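Below: the structure, in structure tokens.
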Amino acid sequence: MNSWWATASTLHSATATCPISARCALPMLADHLAPGLAIIFCGTAVGAASARAGHYYAGPGNLFWPLLAETGLTPRKLAPQEDHLLPGFGLGLTDLAKGVAGQDAAIPRAAYTPERVLALALRWQPRALAFTSLAAARIGLGNRHLCAGRLEADVRLPGVALWSLPSPSGLARGHFRRGPWDDLAAWRKELR
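Each residue of the sequence shown is one higher than the one before, starting from 1 at the first, in the UniProt record's numbering.
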């Protein structure tokens, strides 16, 4: 068994301290994953507000939770403190860098573990893996030429649809386009 697969298997629901301890004093957030998910959302790393709150997408200007409700991916707007409920709606959460927090520009390249995320997708077999920013998709799939929207299939993830979504972060508001989020929600409705 590959070491990255073993790591992914043990980290799927564990909360651990920062493996890059010299750069991070904050604990990482646990993944919220389960069998049979429709979509796993994957970000780059938690922002400082999310790390302090202990919940995903907790920044005051983050559009993630409103978008899930407005697009019909969840039946109501959830609060960040309800992130653990997402698997009940067929949705999961993880990040490419589990041991650091902050803005993407401050995250060291070595902190990203795309192989861990790919292993999680192989293990849990969601219908889709949706990266919540263009940067996350490019890092996660190792392709700096990706655009927002539905992506081409990847031989490393057979049967898993891939999506790159515009970042819901308040810091990215000037570049935000809702269209790919609506497209993902419409795609999911077709699955039902």
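For every residue, glycine included, the Cβ atom is placed at its ideal position computed from N, Cα and C.
Small disclaimer: the values here were computed from a predicted structure and weren't measured.
Check whether the Cβ atoms of residue i and residue j lie closer than 7 Å to each other.
| i | j | result |
| --- | --- | --- |
| Leu191 | Arg150 | no |
| Leu165 | Trp187 | no |
| Gly59 | Ala49 | yes |
| Pro87 | Ala34 | yes |
| His55 | Asp31 | no |
| Pro168 | Phe64 | yes |
| Thr132 | Gly43 | yes |
Per DSSP, what kind of secondary structure is residue i in: helix, strand or coil?
| i | result |
| --- | --- |
| Leu26 | Low local confidence applies: a pLDDT of 46 at Leu26 is under 50, so the model's placement there is unreliable, with the coordinate-based value given in what follows. DSSP places Leu26 in coil when its eight states are reduced to three. |
| His145 | coil |
| Ser164 | strand |
| His32 | strand |
| Arg116 | helix |
| Phe89 | helix |
| Ala106 | helix |
In chain order, what residues of the same chain have a beta carbon less than 6 Å from the beta carbon of residue i, not counting five sequence neighbours either side?
| i | result |
| --- | --- |
| Leu68 | Thr74 |
| Val160 | Ala121, Leu129 |
Among the residues of its own chain, which have a CB less than 8 Å from the CB of residue i, if the five just before and after it don't count?
| i | result |
| --- | --- |
| Pro114 | Leu96, Ile139, Gly140, Leu141, Gly142 |
| Leu157 | Leu118, Ala121, Leu122, Leu129 |
| Asp154 | Leu141, Val160, Leu162 |
For residue i, I'd like the list of residues in its chain whose CB is within less than 7 Å of its CB, leaving aside the five on either flank, ordered along the chain.
| i | result |
| --- | --- |
| Ala38 | Gly90, Leu91, Pro126, Arg127, Ala128, Arg188, Leu191 |
| Thr71 | Trp181, Asp182, Ala185 |
Taking 7 Å as the CB-CB limit, is residue i close to chain C?
| i | result |
| --- | --- |
| Leu78 | Reference to chain C is not applicable here, since this structure consists of a single protein chain. |
Touching by the beta-carbon criterion (3+ pairs, under 8 Å), the segment 101 to 109 and the segment 76 to 89: no
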